[in-house]
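First residue of the sequence shown: 8, per this note's numbering; consecutive thereafter. Yeah, the Cβ is synthetic: ideal placement off N, Cα and C, and Gly gets one too. Following: one structure in structure tokens, then a few remarks.
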Amino acid sequence: MSQKLNAQAERSLNGPYGGQPYGSQPYGGQAYGGRPYGGADPRGGSPYGGQPYLQDPYGGRAPGHSIDIDKLIAAGRRQLLVIGLSVGLCIAAGVGFLAVAEKKYTSSAQVLIDSKLLDVVNESSGTAARASDEAGVLSLIENAMSRQVVDKVTIVLASDENFAKISEGSFLKETLAAYRAKTLTVDGMDPAEVAGDVLGGDFSATRLGRSAALEFTFTATDPADAALVANTFAQVFIDNQLDTRFDARQRAGDWLKARLEELRTEAQTAQAAVETFRAENNLAQTDGKLLSDQQLATLSDQYVQAQAATATAEARYNQIKALVDSQNVGAVVEDALANTVISDLRKQYLDAARRATDLEARLGPRHQQVIRLEDEKREYQRLIFTELQRISESYLSDYEVASQRQANLEERFRTMLGDNVDISATMVQLRELEQRAEVYQNLYQEFLKRYEEASRDQSFPVSEIRVMSAARAPLGPSFPKPPLVLALSTILGLGIGVGLGALREYRDRTIRSGDHVRQYLGLDFLGEVPLVALRNQESAEPVEREPMEGDPIVNISSPILRYAAMHPMSAFAEALRAVRHVANRQRYGRTGAKVIGFGSLVPGEGKTTMALNFATLVASTGQRVLLIDTDFRNPATSRSIAPRCELGLAEAIHSNLDAHEVIYRDEGTGLNVLPINVRNPQVHSSELLSTPFLENSLAKLTDEYDYIVLDLPPIGPIVDVRIVVPLLDIMALVVEWGKLPIAVIQAAVQSEPEIFDRCAGVILNKVDSKKNRLYAADSTRTYLSSQYQKYYKEP
Numbered sequence: 008m009s010q011k012l013n014a015q016a017e018r019s020l021n022g023p024y025g026g027q028p029y030g031s032q033p034y035g036g037q038a039y040g041g042r043p044y045g046g047a048d049p050r051g052g053s054p055y056g057g058q059p060y061l062q063d064p065y066g067g068r069a070p071g072h073s074i075d076i077d078k079l080i081a082a083g084r085r086q087l088l089v090i091g092l093s094v095g096l097c098i099a100a101g102v103g104f105l106a107v108a109e110k111k112y113t114s115s116a117q118v119l120i121d122s123k124l125l126d127v128v129n130e131s132s133g134t135a136a137r138a139s140d141e142a143g144v145l146s147l148i149e150n151a152m153s154r155q156v157v158d159k160v161t162i163v164l165a166s167d168e169n170f171a172k173i174s175e176g177s178f179l180k181e182t183l184a185a186y187r188a189k190t191l192t193v194d195g196m197d198p199a200e201v202a203g204d205v206l207g208g209d210f211s212a213t214r215l216g217r218s219a220a221l222e223f224t225f226t227a228t229d230p231a232d233a234a235l236v237a238n239t240f241a242q243v244f245i246d247n248q249l250d251t252r253f254d255a256r257q258r259a260g261d262w263l264k265a266r267l268e269e270l271r272t273e274a275q276t277a278q279a280a281v282e283t284f285r286a287e288n289n290l291a292q293t294d295g296k297l298l299s300d301q302q303l304a305t306l307s308d309q310y311v312q313a314q315a316a317t318a319t320a321e322a323r324y325n326q327i328k329a330l331v332d333s334q335n336v337g338a339v340v341e342d343a344l345a346n347t348v349i350s351d352l353r354k355q356y357l358d359a360a361r362r363a364t365d366l367e368a369r370l371g372p373r374h375q376q377v378i379r380l381e382d383e384k385r386e387y388q389r390l391i392f393t394e395l396q397r398i399s400e401s402y403l404s405d406y407e408v409a410s411q412r413q414a415n416l417e418e419r420f421r422t423m424l425g426d427n428v429d430i431s432a433t434m435v436q437l438r439e440l441e442q443r444a445e446v447y448q449n450l451y452q453e454f455l456k457r458y459e460e461a462s463r464d465q466s467f468p469v470s471e472i473r474v475m476s477a478a479r480a481p482l483g484p485s486f487p488k489p490p491l492v493l494a495l496s497t498i499l500g501l502g503i504g505v506g507l508g509a510l511r512e513y514r515d516r517t518i519r520s521g522d523h524v525r526q527y528l529g530l531d532f533l534g535e536v537p538l539v540a541l542r543n544q545e546s547a548e549p550v551e552r553e554p555m556e557g558d559p560i561v562n563i564s565s566p567i568l569r570y571a572a573m574h575p576m577s578a579f580a581e582a583l584r585a586v587r588h589v590a591n592r593q594r595y596g597r598t599g600a601k602v603i604g605f606g607s608l609v610p611g612e613g614k615t616t617m618a619l620n621f622a623t624l625v626a627s628t629g630q631r632v633l634l635i636d637t638d639f640r641n642p643a644t645s646r647s648i649a650p651r652c653e654l655g656l657a658e659a660i661h662s663n664l665d666a667h668e669v670i671y672r673d674e675g676t677g678l679n680v681l682p683i684n685v686r687n688p689q690v691h692s693s694e695l696l697s698t699p700f701l702e703n704s705l706a707k708l709t710d711e712y713d714y715i716v717l718d719l720p721p722i723g724p725i726v727d728v729r730i731v732v733p734l735l736d737i738m739a740l741v742v743e744w745g746k747l748p749i750a751v752i753q754a755a756v757q758s759e760p761e762i763f764d765r766c767a768g769v770i771l772n773k774v775d776s777k778k779n780r781l782y783a784a785d786s787t788r789t790y791l792s793s794q795y796q797k798y799y800k801e802p
């Protein structure tokens, strides 16, 4: 594919004449490069040599293209009828459903799980799980929807009081009647099972948000029945919880009572074993302690006191012994200070020493009196130390007594300690027996407390669930809800309508605006020609009749074929003026007539009408115009304006006639026409067009006319147009609005570069002005055209 496109690009750049540019074509002049409104070629020169980007009409978008809200709104406007019909049909279906649907009523009762009601009689239940926690609430919901509760509700509703309140004729009434009569239902089924299925199927229990409240909801065909059943479910649920709690506590109380008897016996047995063991092992106690332990503790205290006394006596003896050994009269001890003998001797010693010192100072050391006083001093000193020696012997005696007492206590302590080692092994067994007795005693006390609590709870049948809001008969049905049904119908209709509209938009891949032409085809947009509503003629085809003598060869009598000349201020004429403007600019550097061709991809798009209207419009301005019909296979131009022609283009080629011999003039418009003899169809049209006649004739006629207009064969599989296009200055491509798929036109543009290199632009024909306004968001030109309608004067 890429090789094919490259080859096409090369042919486009080189031109169809041996690689020469269009300036070397038969009519000379410069290569095509201009645009109808002075802008540059949006294709970058040739639309194929430069490989332009042609946007994919089936979903692809140009690079950088984003969603256009305006285009979406415009698409919605275009599909407004489809969307409206879809919404209308869905709303009608919703109204019909509301009319035939059986009405159902829903009523709700709310119950509160209030644990504070139990706090009056139970303040110590912090370790027990509350029903108000999340797991408990979910468990209660499942319990409320259980078959057990449903069966109890069936029994309550079947009672005389409630049965009379149920509406007559309801299925629930009939089922409960069979249940009361203990007979089978009409279908031969168990009424209890049927009633349970009906009640359970239409009942639901839900939690209100994150609160500790439950909502019981029941749906019935009668509002009073819905309220009655909802309230019955709430009351039965509360009663069931009370019964369940009472039964559980009664069973717990019975079990606790039996267990208490067992624990009492076991505790008494364990305590008796402790006392027997003590008696057998002489483990007497006072104040909770063994006598042996008390004796050992007392002996230990005495031994410690004896050690202290021994240490004190030893310290006193050592101190006085050191004093005696030192012979220091000035040193004293505590007992020496308290001894009167030593005190008197110390005074006398000090008095003798003082007098000796005084006499020695006056009389000298050798004086007889001084020597006598020194002897007295020594005597007093001996007496003092003799008394101290007596005290020392007393201290020694105390020390020996204390040491002996300590030794005796130590021996007794060691003996008793050895005896207690044997008692310790026995005490281990005693402690085990005491611990066992204590465990049984604690268990007994705990179970006794639980038993008292259970007995108390049985005396107060209070539930932690109560009715917070009783159910009431609803004022309106819960199903179907008209606002909801209508809203859903509208949404469904919108969804279907939007889906169908999107499908229609997806399938509508045709040329609708000038933007489509530039975006998808890479060609210039010349203008749009609206549909023309003729007052006295519905078709552009002339009425078939037998020719009469004196009728002109060319007669442009159909209003549609000269509409632009008749209405020069119309949008029709304005689009053709754009073609003339382009033709005036694209001269290729030569003089003479402008050779303009009008072509289309397929027959029926209006190229003949455009060619005739262009020719008559230009001729009406006084210009010399020649119209040549080159479509041998379908000569619509000749059939419309020269059906009586006997000598035409084919005859001139075959007979080598001069072109002037087959040119006819329409006196009404001043247009000259070279027609085709429609009564002499040509099979080999391409051979006729390939002859030099047409090329040579154009070369001669360009000096005689201002414009030469060619009605071209369709641009399709037919080769004729490829032969004629090189003779043109420009070609105007006529595309019918909203007819051909864009992909088909794109394929033709890409596969025929030598044709579309001469294409000056596209004329959109048969544009529906009303519908075209819906594409205003897609095309600025379309929008402006709708705004400039007052500048056009339509008939």
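- Per DSSP, reduced to three states, the secondary structure at S404 is helical.
- When the beta-carbon positions are compared, L267 and F420 stay at least 7 Å from each other.
- Counting along the chain, the unbroken beta strand (DSSP E) around N679 starts and ends at 678 to 681.
- Using a Cβ-Cβ distance cut-off of 8 Å, the region 743 to 751 and the region 490 to 504 are not in contact, since fewer than three pairs of beta carbons, one from each stretch, lie closer than that value.
- Residue environment for T317: buried (at least 16 other C-beta atoms within 10 angstroms of its C-beta).
- A direct Cα-to-Cα measurement between A409 and L303 gives close to 21 Å.
- For M573, the enclosing alpha helix (DSSP H) has its first and last residue at 570 to 573.
- Here DSSP, grouped into helix, strand and coil, assigns Q452 to helix.
- Secondary structure at R473: strand, using DSSP grouped into helix, strand and coil.
- With three or more CB-CB distances shorter than 8 Å, the region 101 to 117 counts as touching the region 467 to 487.
- With 16 or more neighbouring CB atoms inside 10 Å of its own CB, L263 falls in the buried class.
- Residue E222 holds the alpha-carbon nearest to the alpha-carbon of S476 among E222, A188, M196.
- Secondary structure note for E181: its alpha helix (DSSP H) is the uninterrupted segment 178 to 188.
- Relative to L403, the option among S174, A368, T213, Y324 whose CA is nearest is Y324.
- I635 is classed as buried because its beta carbon has at least 16 other beta carbons within 10 Å across all chains shown.
- According to DSSP, residue pairing for M738 in a beta bridge involves G604, C766.
- Of the residues L119, M196, Q155, T190, the one whose Cα lies closest to the Cα of G216 is L119.
- Annotation for G195: no beta strand (DSSP E) segment contains it, and DSSP assigns it neither H nor E.
- DSSP lists G604, I635 as the beta-bridge partner residues of L717.
- Pairwise C-beta distances place the region 598 to 617 out of contact with the region 687 to 700, as fewer than three of them are shorter than 8 Å.
- Q117: member of the beta strand (DSSP E) spanning 112 to 120, first to last residue.
- Of the residues assessed, Q689 falls on the buried side of the cut-off, its CB having 16 or more other CB atoms within 10 angstroms.
- Distance from the CA atom of E282 to the CA atom of D250, rounded to whole angstroms, is 48 Å.
- Secondary structure of P642 (DSSP, three-state): coil.
- Secondary structure of K773 (DSSP, three-state): strand.
- The continuous stretches of alpha helix (DSSP H) do not include A227, which lies in the beta strand (DSSP E) extending over residues 220 to 227.
- Taking 7 Å as the cut-off, the beta carbon of T676 is found closer than this to the beta carbon of A626.
- The beta carbon of A313 sits closer than 6 Å to the beta carbons of R412, Q413, L416 from its chain, once the five residues preceding and following it are set aside; these are given in chain order.
- For D77, the enclosing alpha helix (DSSP H) stretches over residues 76 to 85.
- Here the region 511 to 518 lies against the region 85 to 92, with 3 or more beta-carbon pairs under 8 Å apart.
- Straight through space, the alpha carbons of R729 and M738 are spaced by roughly 12 Å.
- Pairwise C-beta distances place the region 768 to 781 out of contact with the region 627 to 647, as fewer than three of them are shorter than 8 Å.
- Nearest to L450 by alpha-carbon distance, out of L357, E269, A657, E653, is E269.
- Check the Cα spacing between A461 and each of L96, Q257, D167, L717: the tightest is with Q257.
- For L96, the CB contacts under 7 Å within the same chain, skipping 5 residues up- and downstream, are G500 in chain order.
- Classified as exposed, V102 has fewer than 16 neighbouring CB atoms from the shown chains inside 10 Å of its CB.
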